[in-house]
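Engineer: Add 30 to the 1-based position in the sequence shown for this note's numbering, that's all there is to it.
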Amino acid sequence: MHVTHSGPMQRVADRGGKPTAETFTIDDREIDIRPGETIFRAARRLDIKLPHLCYLPKPGYRADGNCRVCMVEIEGERVLAASCIRMPSAGMKVRTQTDRAKTARKMVAELLLTDQPPREVAHDPDSELWKIATRLDIAQGRFPRHETPGPDRSHPAMAVNLDACIHCNLCVRACREVQVNDVIGMAGRGHGEKIVFDFDDPMGASTCVACGECVQACPTGALMPATLVNERNVFTGKPDRAVDSVCPYCGVGCQLTYQIIDDKLLYVTGRDGPANENRLCVKGRFGFDYVHRSIPRIRGRIFARRAGRRRLSAPPAA
Ligand code: SF4
Ligand code: SF4
Ligand code: FES
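1. Just mark Gly251 as buried or exposed, buried being the case when its beta carbon has 16 or more other beta carbons within 10 Å.
2. Under three-state DSSP, which class holds Glu107?
3. Have a look at the DSSP bridge pairing and note the partners of Glu150.
4. When burial is assigned at 16 or more other CB atoms within 10 Å of the CB, is Ser343 buried or exposed?
5. With respect to the beta strand (DSSP E) encompassing Lys224, which residues constitute its N-terminal and C-terminal limits?
6. Let me check you understand the geometry: is the CB of Cys201 closer than 8 Å to at least one non-hydrogen atom of ligand 1?
7. Alpha carbon to alpha carbon, what distance is there between Pro87 and Cys201?
8. What ranges does the beta strand (DSSP E) occupy inside the stretch 154-203, keeping only unbroken runs of at least 3 residues that lie completely in it?
9. Find the nearest neighbour of Ala111 within the set Ala120, Leu295 and Ala131, judged by alpha-carbon distance.
10. Among Asn191, Ile168, Val239 and Met117, whose alpha-carbon lies nearest the alpha-carbon of Glu140?
11. Is Phe265 helix, strand or coil by DSSP?
12. Could you tell me if the beta carbon of Arg130 falls within a distance shorter than 8 Å of some heavy atom in ligand 3?
13. May I ask whether a heavy atom of ligand 2 can be found less than 8 Å away from the beta carbon of Ala194?
14. Could you give the distance in angstroms between the alpha-carbon of Asp57 and the alpha-carbon of Arg183?
15. Is the beta carbon of Arg315 less than 9 Å from the beta carbon of Cys241?
16. Tell me which residue opens and which closes the beta strand (DSSP E) that Val124 is part of.
17. Is any heavy atom in ligand 2 found nearer than 8 Å to the beta carbon of Ile214?
Structural data, given as structure tokens:
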């Protein structure tokens, strides 16, 4: 069986490899095979959107194939295949809308919802998981809940609520492979398995550099910007508009989007620019609260100089 690659082949797929002469079909539509491109990504070229949780179709993210919410049926194969990690082969016939594939995807989503807090008190009712639940018409899991870890609000900028964690591993890849910080890991076994920071330290006491990549990647609201939840970790409101901009801090030129509510910055998401490919550092991600502080503003053209403060006259009009 072919699986996805990280590294150069994944990069080729991310950017769209060159078409080959070989083809396969998805829902009876013929499509060319491209180097490193999975069934999931090929389906997107046909505008067929399959659900995804443990895979993030963004630059730098390797597919892991662990949640199984993206399963499809392949003619002649006994078991369903995770489309995010499966490569097509010439002549393959993939079907995304069979009863078997749809039932399996719905069951997976329902199982993953089992331990989630109810939607009305969800940490992020707009998360990818709840969006999938809405699309698949699932209100709440019908299976018994397990005990889940308590909240961790030790970090000033991020809220950790592992009762919403589905162990998809995306935050581990975000931290280890995308940002190369290696703070987050999986610890424990079976029902005791959980996300940990360093040696199971509170996030705020860990070596986390607060890049927020894990928060941006998490599909459930288990990791969130702290500005989005109240002290009981319940979602407090979504932005009413989004403004694309460039990080004001340094010359790298990271592209970002300000998420705004009532004319106030609520949180920041990274945007796919040539310099940052969605990533941000702590300043771009969380360093925006100064905008709302009542510090004295720079008035007119007053500039501080190392040798002392001096009022400069306004430059002549052009
Ligand atoms: S904020 Fe960045 S460094 Fe901290 S845990 Fe998340 S990905 Fe790792
Ligand atoms: S914290 Fe979020 S990203 Fe990390 S494993 Fe849990 S659900 Fe996935
Ligand atoms: S998105 Fe494909 S297995 Fe999780």
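We put the beta carbon where it would ideally sit given N, CA and C, even for glycine.
Structural biologist: This is what the structure gives:
1. buried
2. coil
3. Bridge partners of Glu150: none, in fact.
4. Note on Ser343: pLDDT 48, under 50, position unreliable in the model; the coordinate value appears next. It counts as exposed.
5. Lys224 to Phe227
6. yes
7. 14 Å
8. 188-191
9. Ala131
10. Ile168
11. strand
12. no
13. yes
14. 46 Å
15. yes
16. Lys123 to Arg125
17. yes
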